[in-house]
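Quick note: the sequence shown uses the UniProt record's numbering, first residue 4, plus one each step. No residue lacks a Cβ here, since even glycine has one placed at the ideal position from N, Cα and C.
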Amino acid sequence: RQVLVLNGPNLGRLGSREPDVYGSSTFEDLVELCRSAGREVGLSVEVRQTDDEAELVKWVHEAADARIPVVLNPAAFTHYSYALRDALAQRTAPLVEVHISNPAAREEFRHTSVVAGVATGTIAGFGLYSYVLALHAIARLLREEG
Ligand code: DQA
Numbered sequence: 004r005q006v007l008v009l010n011g012p013n014l015g016r017l018g019s020r021e022p023d024v025y026g027s028s029t030f031e032d033l034v035e036l037c038r039s040a041g042r043e044v045g046l047s048v049e050v051r052q053t054d055d056e057a058e059l060v061k062w063v064h065e066a067a068d069a070r071i072p073v074v075l076n077p078a079a080f081t082h083y084s085y086a087l088r089d090a091l092a093q094r095t096a097p098l099v100e101v102h103i104s105n106p107a108a109r110e111e112f113r114h115t116s117v118v119a120g121v122a123t124g125t126i127a128g129f130g131l132y133s134y135v136l137a138l139h140a141i142a143r144l145l146r147e148e149g
């Protein structure tokens, strides 16, 4: 079964971007990690990243129309994009919100997620392993659905 792993702004710069917060692994490392974690649980994982809100919204529409489960790191859009939230509200397949860092332990503006209320659940604070946990959660949900 297909799963989309969607990433918002600045996540393409993993590895060089604030490594004290986000670690030294690159976006390419993240792509590999997600693909191999997917393979282990029988999911075909496609990883995408964009800095563009409109493009991210378009991908969410695509996932909604095809009922494709989504792992989403909305990055800074997490905290203010009602357009993204409204797009996500249209899907019916599982959605796991992920964060590399733990936004609740950081600046005040990161404590609000406008996405969390339309997600199946949220995983944050485990570095890139947050994505692995999210893929395991989706595999389990799909098994339960049968
Ligand atoms: C992030 C947390 C956000 O607050 C931040 O804007 C990001 C990354 C994370 O994965 O920890 O870009 O989503």
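(message) I believe Gly-128 touches His-102 by the beta-carbon criterion, under 8 Å. Please report the beta-carbon distance rounded to the nearest angstrom.
(response) As a first step, residue 128 is located in the sequence shown; it is residue number 125 there, counting from the start. As a first step, residue 102 is located in the sequence shown; it is residue number 99 there, counting from the start. Distance from Gly-128 to His-102 at the Cβ level is roughly 7 Å; contact confirmed, criterion being Cβ atoms closer than 8 Å.
(message) Measuring alpha carbon to alpha carbon, tell me which residue in Leu-145, Ser-104 and Gly-149 is nearest Gly-26.
(response) The residue you call residue 26 lines up with position 23 of the sequence shown. For the residues Leu-145, Ser-104 and Gly-149, the minimum Cα distance to Gly-26 belongs to Ser-104.
(message) For residue 163, report the span of its alpha helix (DSSP H) as first-last.
(response) Here the chain covers residues 4 to 149 and nothing more, so residue 163 does not appear.
(request) Please work out which residues of its chain come closer than 8 Å, Cβ to Cβ, to Gln-93, disregarding the five sequence neighbours upstream and downstream, and give them in chain order. (result) Numbered from its first residue, the sequence shown carries residue 93 at position 90. The residues are Val-63, His-64 and Ala-67.
(request) Pull up the DSSP beta-bridge partners for Ser-47, would you. (result) On the sequence shown, position 44 is the one that residue 47 refers to. Under DSSP, Ser-47 forms a beta bridge with Gln-5.
(request) Taking the CB atoms as reference points, tell me whether Leu-113 and His-82 lie closer together than 8 Å. (result) Position 110 of the sequence shown, counted from the first residue, corresponds to residue 113. Position 79 of the sequence shown, counted from the first residue, corresponds to residue 82. One point to set straight first is that residue 113 is Arg, not Leu, in the sequence displayed. It is a contact, given that the beta carbons lie within the stated cut-off.
(request) Pull up the distance between the alpha-carbon of Arg-146 and that of Gly-15, whole angstroms please. (result) Numbered from its first residue, the sequence shown carries residue 146 at position 143. Numbered from its first residue, the sequence shown carries residue 15 at position 12. The C-alpha of Gly-15 is placed about 31 Å away from the C-alpha of Arg-146.
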